[in-house]
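*Asks:* I'd like to ask some things about the structure below.
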Amino acid sequence: MRYKLFISVLLTQLAFQFCTGQKTESTAKIKVDYTMYLNVVGTVEHKATLKANDSSAVYKSYVVNRTKKKNEDKIKKDDRNLKNKVTHVSINLNKVDTTTTILKKDRGFLYTLYSLQSKNQNPYIKEPIPDLNWKLLSEKKSIKGLSCYSAKTTFRGRTYFAWYAPSIPISFGPWKLNGLPGLIIEAKDDTNEVIFQAEKVSYNPQKMDASLNSSYGIIGMKKHLEKSRKKWEKQSNDIDKAARKVLSKLPKGTKMTTETTTKGGMELNFDDLKGK
Amino acid sequence: MILKENNLKQSFLLFFTLTSLLGVKAQTSIEGIVKNNVNKPLYNVNVLLKKDGDIITYGISEKNGHYRLKTSKNGNFKLVFSTLGYQTTIKAIIISKKQKNFRFSPVLVDKTETLNEVIIEPDKPISIKGDTITFKTNFFTDGTEDNVEDLLKKIPGTEVDANGTVTVNGQEVEKIMVGDDDIFGKGYKLLSKNMPAYPIEDVQIFKHYSNNRLLKGVEQSDKIALNLNLNKKFKRIWFGNLKASLGNKSFYRAKANVMNFGKKNKYYFLGSLNNIGENATGELSNILYNTSSSIGDDQYAQDLIGLSPRSLNFKKNRSNFNNAKLLSLNAIFNPSDKLKIKPLVFLNWDKNNFFRKTINTVQANGSNFTNRENYNLESKKRIAFGQLKLKYDISENQTLKSTIKYNNNDYENGSDLVFNSTSTVQKLNQQNKRFDQKIEYTNRFKPKKAFTVTGRYIDDRTPQYYSVNKFFFKDLFPGQMDANSVAQKNSDHMQFAGINARLLDRKKNENLLELNVGNSFRKDDFKTQFSLFEEDSLLGRPENYQNKTNYQVNDLYAKGNYDFTLDSLTLTGSLGIHQLFNRLESKESTKKQSPFFVNPEISLSYDLNDKNIISTSYSYNTTNAKILDVYGNHSLRSFRSFSKGTGNFNQLDASKFVLSYVLGSWQDNFYANTSFYYGKSHDFFSTNSIIEKNYSQSQKILIHDRDFLNISGNFNYFIDFLSSNIKLKLNYSQIEFKNVVNNSGFRRIENKNFTYGFQLRSGFNEIFNFHIGTKWVNSKINSTITNSYTNNESFLNLYFVFNDKFDTEIEFERYYFGSIEKDPSYYFLGFSANYKLIKNKLSLGITGKNLFNTKTFRDFSISDIGTSTTTYRLLPRMLLLKAEFRF
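What follows is the structure in structure tokens.
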């Protein structure tokens, strides 16, 4: 007999929701509706909207469908888990359910706001607009009549494959993905945990709010990561110990393999920020 | 050294200069400023360098309209400028080796006509509908997936470990179906490891899965199941695997799984052979295993005589000299969307040999003797089993299911026995024919309410013919001095018919009400015919040793169950009301009885907090006597014993109380699990026996008040600096009852068992882990005499998991018998190593069993009339080379 212990650590579960408190408004040249699937723990389907003009882009999204996740914080029903020979330890370090991404190309910065649905207490996280260094690939395909080209990049621990349409000439895309010569119609990472699909593009000029709510405050990405790292170090010790405790309580004649996955939501590392 | 370093630096410098020169030479730069017709620089304009429709490189204009792109290619290109609100401008450009720098500063013209919107509506890779998530495989695969396992690894949230266990978000799946057809149940690895991935169009995950689709949401379930839907275009495929093991002394094991899947029909063939002591039908347990229980499940005809060894206090396959063969065919047909037909047949042959020597010492009320048996058994069996399942979906909310099972088993047993130096031959021929039909109708009349009506009919026969070529009963039959052999023909013909209606009602507050109303009828035709022979000529059939009993039990019942959950408190109450109509007919008399009784049960579970859970239950239960309790004359049960029932109706009343307490959880340093069980049988069957050296004779008698007590505790403590868990296990049980031996009057018997031991298991997150433990079993029986023993069992297991491809396990065991004077200790060593040679194709392994080549194993047991020492012959040292190949 063989047992399996899964340990997944969820650093951030990203889910987006419109934030309130619009102040200054500018005009978007284009509005793109996206569907976003996050399969980090369970499957969460989001609807998202990208609004952009020449100098900025605002990407906002909200959850429309979410599968229930079991055993969120501790092992429940030990016996049943043992019968299944699989034990799952999941630790959610940083529960977040709403986010907004604002890219200000003219200033060279990108602002992300993670907040809890009920109340926003987090500041905007500020970082330089990531240079994604896309590699153009030779594959082409037509997505519902739009001729699309393929490109590839590695960003924050995930390798993304994107399909962009030069016939829609904007260099923005969903979330932090930007910098291709055409709108990103479809993008996914190679683990299929993050998927974006454009549903509809409208060219009608409309209002967009790319301003920051000053009452939330701003924190630099490096500082933010330092804070998270401290929180994480405190926990990771406990996680390793939890694994040892479960393993050492197994019955005779059973083998156990442990698999620890640290799921930091969409971003798994921030190596690109080192030295900057 | 310094010189060398300098040289190195110089060569690097040279290298860099050369490459950068070459680079400069090859790169062409194109730049310029993009403006509109009022001379305003345009920001964010896409500039594409295209050749034959391919994009070679690109740039994006900055705030001041400046762009720059670089290429190392030569030839004819198009430079495309585009941005929202302006017409796309295209410039032709020829790049040759001569010109390095190009400058284009186009003026973009406003777009007059604009599109309002573009609707894309892409094919969804994932769709979530309630508890079903569907993944379109073509979105997730890249063509390198070989088998279903590989495919599932690509589906987000789904993981497959090195051993093939499939989990969805950490929970193991219940089954993997193909096109809603399930063949393997929990044995799904056979499918996921062997079936190719290419024909699968989508993968569905069902959460809160119920085996009966209509009971989903009504039944409580946290099971997860997977379903693989096949592409319509795909033709049927063959796949499967072969496993073979060969060892010393011509030990072998071989197994072939062959599957043929089409969209409508699916076939699965299994063939299996072994002579290493394994039960071949175990391979089918996942297929035959029925998860849902229904009326009639526990109804079987009774055997009287068995020559095969009872369950040993020891691993059975160590003493099972066998030669097993199994062949099975399984299929699923879907003639229409509504109808599903699942036939299954299997044939199983086995030839077993078993050797044992027993010394029985009896000390009971005037009988003091020692018997020695030297027993050699050879048995052959043939099992033929057929099953046909039909499922018809009448409508969205109604299903009709039917299951028909038939088996026909033949057993031939022959044993050579030396009983106190008398050589004896026993022969037992046995047949079992069983026909079982079940029909079930389910109707979900409201989203959270459903009822099921089940009807079942079973016909089961177990005729046995038993002969012994010696006569040990001279004292019982003083008139038959010439008899030198005995035989008995006996059979139980059981017929069962039952109907049950079940209502499940999930209330708005999620509490579940379950009601069952039904009637079951069981009839046993029980016959025994005992004969005395002199050589082959019949001497007689002694009266009082023949049975012809017809026993009928009709049970009209209603049962109710209600689960009540309030936060951390769960209360379950159940009540069964039974009106019985019993009829017992024998040669001598016909009796009738119609008892009425009520069986209540209440249980309570309370989660004080995350760390403390208390649960308790109390029940009062009345059970009706079974056929072997009610027949009235003696029947032969072995070469030297007779027994009989009470010859009358009886109901047995019992109450039981359970209390258990759990402190902590698996993730805590301290984790304890304790329970207390007390059962009182207000009435129970005991025996009134005559025990002599050559024979014994016992009769069931009804006695009041038997007490049973069990206390167990399991304490875990995780030692941080050793990274290991120490476990202390304690168990105490005590039973008190009475019986009669050799006309003694009631003898009070007290049996006390105390088991205690500890284990230490490492929890290293590394290659190596160990598990060591020992336990003592102390058993004591007080009757007119006192017998006791203390045995010890110890083990050491070492685990090495080097990587996903290679793992090893070593197992060492020691058994010690405190009451055996000569050779009280037995040692066993075994190991297994597995290596995956070619991923998904070929794996190799080696297994060693009984490496110390221990030839025999001796066991000591005690009873209220004496002690017995039994020596078993064991399978010798075995080394097996294994190979598994997939096709």
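One line per chain: the protein sequences are A and B, in this order.
Following the working numbering, the residues of the first sequence are numbered contiguously, the last one being 276.
Following the working numbering, the residues of the second sequence are numbered contiguously, the last one being 1163.
In this text, a Cβ means the ideal position worked out from N, Cα and C, and glycines have one as well.
Any residues in the segment 350 to 365 of chain B with a beta carbon nearer than 8 Å to a beta carbon of chain A? Which ones, in chain order?
*Replies:* V356, S358, T359, L360, G361, T364
*Asks:* Hey, quick one: how far does the alpha helix (DSSP H) through S881 of chain B stretch, first residue to last?
*Replies:* Note, S881 of chain B: premise wrong, no alpha helix (DSSP H); beta strand (DSSP E) at 872 to 883.
*Asks:* Less than 8 Å between CB atoms is the rule here; does R1037 of chain B satisfy it with respect to chain A?
*Replies:* For R1037 of chain B, the answer is yes, since a Cβ of chain A falls inside 8 Å of its Cβ.
*Asks:* Does the beta carbon of G433 of chain B come closer than 8 Å to any beta carbon on chain A?
*Replies:* yes
*Asks:* Within 10 angstroms of the Cβ of V394 of chain B, are there 16 or more other Cβ atoms? Answer buried if so, exposed if not.
*Replies:* buried
*Asks:* Rounded to a whole number of angstroms, what is the C-alpha to C-alpha distance between Y543 of chain B and W514 of chain B?
*Replies:* 9 Å
*Asks:* Tell me the DSSP secondary structure of D1135 of chain B in three-state form.
*Replies:* strand
*Asks:* Would you tell me roughly how many angstroms separate the C-alpha atoms of L82 of chain A and G816 of chain B, rounded to the nearest one?
*Replies:* Note on L82 of chain A: pLDDT 41, under 50, position unreliable in the model; no value is reported.
*Asks:* Assign Q375 of chain B to one of three DSSP states: helix, strand, or coil.
*Replies:* coil
*Asks:* What are the boundary residues of the alpha helix (DSSP H) that S468 of chain B is part of?
*Replies:* Start and end: 465 to 470.
*Asks:* If we ignore side chains and look at the alpha-carbon of each, how far apart do M535 of chain B and D437 of chain B end up?
*Replies:* 23 Å
*Asks:* Taking 8 Å as the CB-CB cut-off, is K339 of chain B touching chain A?
*Replies:* Yes, K339 of chain B counts as interfacial toward chain A.
*Asks:* Starting from V906 of chain B, trace the alpha helix (DSSP H) both ways and give me its first and last residue.
*Replies:* 903 to 906
*Asks:* Note down, in chain order, each residue of its chain lying with its Cβ closer than 7 Å to the Cβ of Y59 of chain A, except the 5 sequence neighbours on either side.
*Replies:* A48, L50, T101, P174, W175
*Asks:* Find the nearest neighbour of S891 of chain B within the set B:F873, B:L847, B:N909, judged by alpha-carbon distance.
*Replies:* B:L847
*Asks:* Does D478 of chain B have its Cβ less than 8 Å from a Cβ in chain D?
*Replies:* Given the protein chain composition of this structure (A and B), no chain D is represented.
*Asks:* Is the beta carbon of D768 of chain B closer than 8 Å to that of I617 of chain B?
*Replies:* Contact: no.
*Asks:* Short of 6 Å in beta carbon distance, which residues of its chain neighbour N705 of chain B, apart from the five on each side in sequence? Order them along the chain.
*Replies:* E688, Y741
*Asks:* Roughly how many whole angstroms lie between the Cα atoms of D210 of chain A and S56 of chain A?
*Replies:* Looking at the sequence itself, residue 210 of chain A is Ala, so the reference to Asp does not match. Near 7 Å, if we compare the C-alpha coordinates of S56 of chain A and A210 of chain A.
*Asks:* Given this structure, state the Cα-to-Cα distance separating Q702 of chain B from Q764 of chain B, to the nearest angstrom.
*Replies:* Put simply, the backbone Cα of Q702 of chain B is about 11 Å away from that of Q764 of chain B.
*Asks:* Using a Cβ-Cβ cut-off of less than 8 Å, give me the residues of the segment 880 to 899 of chain B that come near chain A, in sequence order.
*Replies:* D886
*Asks:* Counting only C-beta atoms, is P181 of chain A closer than 8 Å to chain B at any point?
*Replies:* yes
*Asks:* Going by alpha carbons, who is nearest to F1030 of chain B out of B:K1112, B:I1011, B:F1022?
*Replies:* B:I1011
*Asks:* Could you name the residues that DSSP lists as bridge partners for G220 of chain A?
*Replies:* A:K126
*Asks:* Where does the unbroken beta strand (DSSP E) through N541 of chain B begin, and where does it stop?
*Replies:* 541 to 550
*Asks:* Can you tell me whether DSSP reads K803 of chain B as helix, strand or coil?
*Replies:* strand
*Asks:* Have a look at K1158 of chain B and S1119 of chain B and give me their C-alpha separation to the nearest angstrom.
*Replies:* 8 Å
*Asks:* Between the alpha carbons of E1089 of chain B and W1052 of chain B, how many angstroms are there, rounded?
*Replies:* 14 Å
*Asks:* Alpha carbon to alpha carbon, how far is H854 of chain B from L1072 of chain B?
*Replies:* 52 Å
*Asks:* Report yes or no: is there a C-beta of chain A within less than 8 Å of the C-beta of K430 of chain B?
*Replies:* yes
*Asks:* Which residues, in order along the segment 305 to 326 of chain B, keep a beta-carbon less than 7 Å from a beta-carbon of chain A?
*Replies:* Y319, N320, N322, L324
*Asks:* According to DSSP, is A930 of chain B helix, strand or coil?
*Replies:* strand
*Asks:* Identify the residues that DSSP records as bridge partners of L490 of chain B: which are they?
*Replies:* DSSP, once it has assigned bridges, lists no residue as partnering L490 of chain B.
*Asks:* Does chain B have any CB closer than 8 Å to the CB of N94 of chain A?
*Replies:* Below a pLDDT of 50, predicted positions are generally treated as unreliable, and N94 of chain A, at 48, falls in that range; the measurement from the model is reported next regardless. False, the Cβ-Cβ gap to chain B never drops below 8 Å.
*Asks:* Just to confirm before moving on: does the CB-CB distance between N1045 of chain B and T963 of chain B stay below 8 Å?
*Replies:* no
*Asks:* In whole angstroms, what is the alpha-carbon distance linking I195 of chain A and M36 of chain A?
*Replies:* 6 Å
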